[in-house]
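Asker: Numbering (this note's numbering), first residue to last: 31 to 517.
1. Between residue 458 and residue 351, what straight-line distance do the alpha-carbon atoms span, to the nearest angstrom?
2. Under 6 Å Cβ to Cβ from residue 250, same chain only, skipping five residues before and after it: list those, please.
3. Please look up how many angstroms separate the CB atoms of residue 224 and residue 260, rounded, as I've assumed it's under 8 Å.
4. Please report the distance separating the alpha-carbon of residue 436 from that of residue 80.
5. If I measure Cβ to Cβ from residue 514 and keep anything under 7 Å in the same chain, skipping five residues before and after, which residues do I get?
6. Give me the DSSP bridge partner(s) of residue 41.
7. Among the candidates 164, 481 and 445, whose CA atom is the shortest distance from the CA of residue 193?
8. Would you say the region 115-132 touches the region 56-74, given that touching needs at least three Cβ pairs under 8 Å?
9. Hey, out of 428, 496, 151 and 378, whose CA is closest to residue 181's CA?
10. Using the rule of at least 16 other Cβ atoms within 10 Å of the residue's Cβ for burial, across every protein chain shown, is residue 140 buried or exposed?
11. Evaluate contact between the region 433-449 and the region 458-477, counting only Cβ atoms and requiring at least three cross-stretch pairs below 8 Å.
12. Hey, residue 276 and residue 53 are a contact pair by Cβ (cut 8 Å); roughly how many whole angstroms apart?
13. Just to confirm my understanding: we take residue 349, look at its own chain, exclude 5 residues before and 5 after, and list those with CB closer than 7 Å. What are they?
14. How is the beta strand (DSSP E) around residue 351 delimited, first residue to last?
15. Which word fits residue 9, buried or exposed, when buried means at least 16 other C-beta atoms lie within 10 angstroms of its C-beta?
16. Cα separation between residue 434 and residue 484?
17. Count the CB pairs spanning the region 93-106 and the region 46-66 that are closer than 8 Å, and state whether there are at least three.
18. Between the Cα of residue 135 and the Cα atoms of 146, 147, 122 and 127, which residue gives the shortest distance?
19. For residue 64, which residues in the same chain have their Cβ closer than 6 Å to its Cβ, ignoring the five residues on either side in sequence?
20. For residue 517, which residues from the same chain have a beta carbon less than 8 Å from its beta carbon, with the 5 sequence-adjacent residues on both sides left out?
21. Could you tell me if residue 160 is buried or exposed, where buried requires 16 or more neighbouring beta carbons within 10 angstroms of its beta carbon?
22. Which same chain residues, not among the five before or five after residue 407, have their C-beta less than 6 Å away from its C-beta?
23. Under 6 Å Cβ to Cβ from residue 146, same chain only, skipping five residues before and after it: list those, please.
24. Just the C-alpha distance for residue 183 and residue 62, rounded to the nearest angstrom, thanks.
25. By alpha-carbon positions, which one of 505, 326 and 144 ends up nearest to residue 386?
26. Under the three-state reduction of DSSP, which class applies to residue 517: helix, strand or coil?
27. Helix, strand or coil for residue 468 per DSSP?
28. What residue from 487, 239 and 266 has the CA that sits closest to residue 280's CA?
29. Which residues in the same chain as residue 154 place their Cβ atom closer than 6 Å to its Cβ, once the five residues preceding and following it in sequence are excluded?
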């Protein structure tokens, strides 16, 4: 089974969010599960030089994008057992950052079409083209409308994975002809246009052979008006091909045994020492009996920080310490800075992005807050449990699928959760967790063990994707000869 995996981000080459983690780790798990997989992404100027130096030029060709004829090169790199292809065009990708430019619609359309056309120039013919998020959504459209008559393209099936439906790639209707060159294609026009805008993701939702998203609960949620972001009509119409597969995490990267002070579920003295060190580093009292609560996140409305902001004065009346790491909306950055200035013994506001510091937080905190308004999957809660840190989450998307709330009667659970998007439900849930930490340490310790035991390895997810691929490539069974033919 040959799979071409198309993504705009993949670690260790480029990452701005969770898509980069998935793009860099899922393919390896799919390969281990039996797929012959290749990954294709843009050749960004920001890719570390050590990788750029090792790329070899495979081929180049002129790519037509409406009236434009643009250079398109394909560079190849063998890394970590995977073959990587990089789409080269310095005009589009030789920039200081992957996104945020006036011509993003054109740049991303170029990449999506290059993904399709490069297949004719490779020594690799995919059975499956697996596209990820709106940056590759148009590949599903171009494959059908521009390439289906090309030799070797007829049998390629498409899978489209939604990592965050909030971002869809919406542009002026003129893009349909001026950039995509699809103004004379009624099928594309009807399925890409949404009101007076071209919607790139909507194209894939209509054209893909299978649609997946990154948790089972999110797959159900996006069929509703609240979570559907204007696309729930498609999800309900195509529900038979929609499924949710929970993401995994790279357990080699997030391994408490690799810390400077290592630990695991059987040797928790190391976790206590990590907590003490972080308390010292942040200027907190070094007391193992004070619950240390972590925030490791983009500080945005989506992540629930309007709730956190509202309850902070009441929360800080408790004997707690709050360690914040992240950047985002100015109102939340400023709020955490203010509380850190007023309560330096309780709040530390680290308004920056730092992978090494995030691992210190995961390893050292007792709890982590993830009170999202919506969360397609979420990785923070999974990473936290890898370090025996208990998540406090809202029951939405992948948070609901990965966090089993504490049951005081049975002792089951691996975290704490609340259902409604309500500030005081969040506060009361945190207070219940604090009370358990302070008053029933054996029960708390059992939850920590349950968190360690949670298995979020990529192998589980890869197995489900492989089953989906096989189902997609399996021809329908012929009718039973003993059954009468339908009229």
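A virtual CB, placed ideally from N, CA and C, is assigned to each residue, including glycine.
Answerer: Per the coordinate set shown:
1. Here the question's residue 458 lines up with position 428 in the chain shown. Here the question's residue 351 lines up with position 321 in the chain shown. For residue 458 and residue 351, the distance between alpha carbons rounds to 17 Å.
2. To locate residue 250, count along the chain shown from 1; it is residue 220. Taken in chain order, the list of residues that qualify is empty.
3. As a working note, residue 224 is residue 194 in the chain shown. As a working note, residue 260 is residue 230 in the chain shown. Their Cβ separation, rounded to whole angstroms, is 7 Å, which keeps residue 224 and residue 260 in contact under 8 Å.
4. Taking the chain shown and counting its residues from 1, the one referred to as residue 436 is at position 406. Taking the chain shown and counting its residues from 1, the one referred to as residue 80 is at position 50. So the two alpha carbons sit approximately 46 Å from each other.
5. Numbered from 1 along the chain shown, position 484 holds the residue referred to as residue 514. A caution first: residue 514 carries a pLDDT of 49, below 50, which makes its placement in the model too unreliable to give a value.
6. As a working note, residue 41 is residue 11 in the chain shown. Bridge partners of residue 41: none, in fact.
7. Numbered from its first residue, the chain shown carries residue 193 at position 163. Distances from the alpha-carbon of residue 193 to those of 164, 481 and 445 put 164 closest.
8. yes
9. As a position in the chain shown, residue 181 is number 151, starting the count at 1. The closest CA to that of residue 181, considering only 428, 496, 151 and 378, is found on 151.
10. The count along the chain shown starts at 1 and reaches residue 140 at position 110. Buried.
11. In short, these stretches touch, since the Cβ pair count reaches three.
12. Sequence index remark: in the chain shown, residue 276 carries index 246 (1-based). Sequence index remark: in the chain shown, residue 53 carries index 23 (1-based). Actually they do not touch by this definition, with Cβ atoms about 17 Å apart.
13. Counting from 1 along the chain shown, the entry for residue 349 is found at position 319. 320.
14. Stepping through the chain shown from its first residue, residue 351 is reached at position 321. Looking at the DSSP string, the run of the beta strand (DSSP E) that includes residue 351 is 351-355.
15. Given that the chain is displayed from residue 31 to residue 517, the structure contains no residue 9 and the question cannot be resolved.
16. Counting from 1 along the chain shown, the entry for residue 434 is found at position 404. Counting from 1 along the chain shown, the entry for residue 484 is found at position 454. If you take the alpha carbons of residue 434 and residue 484, they lie about 10 Å apart.
17. no
18. Here the question's residue 135 lines up with position 105 in the chain shown. Looking from the CA of residue 135, the closest CA among 146, 147, 122 and 127 belongs to 122.
19. Taking the first residue of the chain shown as 1, we reach residue 64 at position 34. Closer than 6 Å at the Cβ level, and outside the excluded window around residue 64, lies no residue.
20. Here residue 517 refers to the residue found at position 487 of the chain shown. Interpretation of residue 517 is limited by its pLDDT of 39, a score under 50 that renders its predicted location unreliable; no figure is taken from the coordinates.
21. Numbered from its first residue, the chain shown carries residue 160 at position 130. Sixteen is the threshold: when 16 or more other Cβ atoms of the shown chains lie within 10 Å of the Cβ of residue 160, as they do, the residue is buried.
22. If you number the chain shown from 1, residue 407 lands on position 377. Hits under 6 Å: 244, 245, 277 and 428.
23. Counting from one through the chain shown, the residue named residue 146 turns up at place 116. Result list for residue 146: 169, 172, 173 and 177, in chain order.
24. Start at 1 with the first residue of the chain shown, and residue 183 comes out as number 153. Start at 1 with the first residue of the chain shown, and residue 62 comes out as number 32. A straight line joining the alpha-carbon of residue 183 with that of residue 62 spans about 26 Å.
25. Reading the chain shown from its first residue, position 356 is the one you call residue 386. Of 505, 326 and 144, the residue nearest in Cα terms is 326.
26. Within the chain shown, numbered from 1, the residue matching residue 517 stands at position 487. Any reading at residue 517 is ruled out, since the residue's pLDDT is 39, under 50, leaving its predicted position unreliable.
27. As a first step, residue 468 must be located in the chain shown, where it is residue number 438. Residue state, collapsed to three classes: helix.
28. Indexing the chain shown from 1 puts residue 280 at position 250. Per the Cα distances, 487.
29. As a first step, residue 154 must be located in the chain shown, where it is residue number 124. Counting only Cβ-Cβ distances below 6 Å, and skipping sequence neighbours, we find 68.
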